[in-house]
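J.:
Residue numbers (our numbering): 1 to 180.
#1: In its own chain, which residues sit with a C-beta less than 8 Å from the C-beta of residue 40, not counting the 5 before and 5 after it?
#2: Can you tell me the Cα-Cα spacing of residue 137 and residue 61, whole angstroms?
#3: Sorted by chain position, which residues of the same chain lie with C-beta nearer than 6 Å to residue 18's C-beta, five sequence neighbours on each side aside?
#4: Can you give the beta carbon distance from residue 109 to residue 54, rounded, assuming they're within the 8 Å contact cut?
#5: Name the DSSP beta bridge partners of residue 54, please?
#6: Taking the straight line between their C-alpha atoms, what separation do you get for residue 65 and residue 16?
#7: For a test of the three-state rule: what should DSSP assign to residue 154, helix, strand or coil?
#8: From this set, 75, 38, 90, which residue's C-alpha is nearest residue 22's C-alpha?
#9: Can you tell me whether residue 132 is buried or exposed, with buried defined as 16 or more other CB within 10 angstroms of its CB?
#10: What does a CB cutoff of less than 7 Å around residue 72 pick up in its chain, not counting 5 residues either side in sequence?
#11: Residue 15 bridges to which residues according to DSSP?
#12: Classify residue 139 as helix, strand or coil using the three-state DSSP reduction.
#13: Label residue 114 either buried or exposed according to how many other C-beta atoms from any shown protein chain fall within 10 Å of its C-beta, with 16 as the threshold for buried.
#14: Excluding sequence positions up to five away, which residues of its chain have a Cβ less than 8 Å from the Cβ of residue 107?
#15: By the 10 Å Cβ neighbour count, where 16 or more other Cβ atoms means buried, how is residue 24 classified, buried or exposed?
#16: State the Cα-Cα distance for the pair residue 153 and residue 42, rounded to the nearest angstrom.
#17: Starting from residue 75, follow its DSSP beta bridges and name the residues at the other end.
#18: According to DSSP, is residue 93 helix, strand or coil?
#19: Check whether the Cβ atoms of residue 58 and residue 142 lie closer than 8 Å to each other.
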């Protein structure tokens with residue numbers, strides 16, 4: 001584990017996760033490959049009951065803002081995600097698809113949650129891939145901006161309202177530092 005990195009798990013807090021393609025190569029450099037990642041993320045979200053607050057898929061790395069699985073380790077869910085993508089996109093490749101490990105930053109406040117969401121959603125603009133965040137189709141930005149549903153279910157007021165109307169009560173609760 002990198003020096004100084006402390007991971008706090010089973011806290012019911014959000015995690016800002018970053019992981020990169022092997023040697024930061026643009027292995028997610030096409031729309032089709034980024035779409036494979038999104039479908040894999042949705043599979044893992046369902047399988048591990050992850051709460052996905054936000055994400056962005058860049059050509060050579062990924063950022064996720066997620067809650068911890070209810071009955072599994074977060075590391076197991078990330079492992080499943082990375083393995084699933086690698087199997088679909090690089091099954092017979094001589095080199096690994098992903099760098100080993102991932103960066104995990106625990107979020108302890110709503111201010112940090114907003115900061116990380118903004119950072120993720122602005123990443124494609126900062127990198128010069130698009131002019132506006134809404135032009136990058138492989139992130140949760142458009143869900144936040146319009147409520148439109150994408151491949152990955154994002155936990156926002158729109159999805160909560162939709163579940164409420166369907167009579168579905170979520171089992172997983174995320175702690176907030178903001179008083180009710």
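Here a beta-carbon is modelled for each residue, glycine too, at the ideal position from N, C-alpha and C.
T.: In short:
#1: If we look at residue 40 and ignore the five residues flanking it on each side, its Cβ neighbours are 81, 84, 85, 88.
#2: CA-to-CA, the gap between residue 137 and residue 61 works out to about 15 Å.
#3: Contacts found: 63, 103.
#4: 16 Å between Cβ atoms; not a contact.
#5: Looking at the DSSP assignment, residue 54 forms a beta bridge with 65.
#6: One alpha carbon belongs to residue 65, the other to residue 16, and they sit about 5 Å apart.
#7: If DSSP states are grouped into helix, strand and coil, residue 154 belongs with coil.
#8: Nearest in C-alpha terms to residue 22, of all of 75, 38, 90, is 90.
#9: Residue 132 should be labelled exposed.
#10: Contacts found: 48.
#11: Residue pairing from DSSP places residue 15 in a beta bridge opposite 66, 106.
#12: The answer is strand: DSSP assigns residue 139 an E or B state.
#13: Burial call: exposed.
#14: 13, 14, 15, 16, 65, 113, 116, listed in sequence order.
#15: Exposed, since its Cβ has fewer than 16 Cβ neighbours within 10 Å.
#16: Roughly 7 Å separates the two Cα atoms.
#17: Its beta-bridge partners do not exist; DSSP assigns none.
#18: Look at residue 93 here: in three-state DSSP terms it is coil, with no helix or strand label.
#19: In this structure, residue 142 does not lie closer than 8 Å to residue 58 by Cβ.
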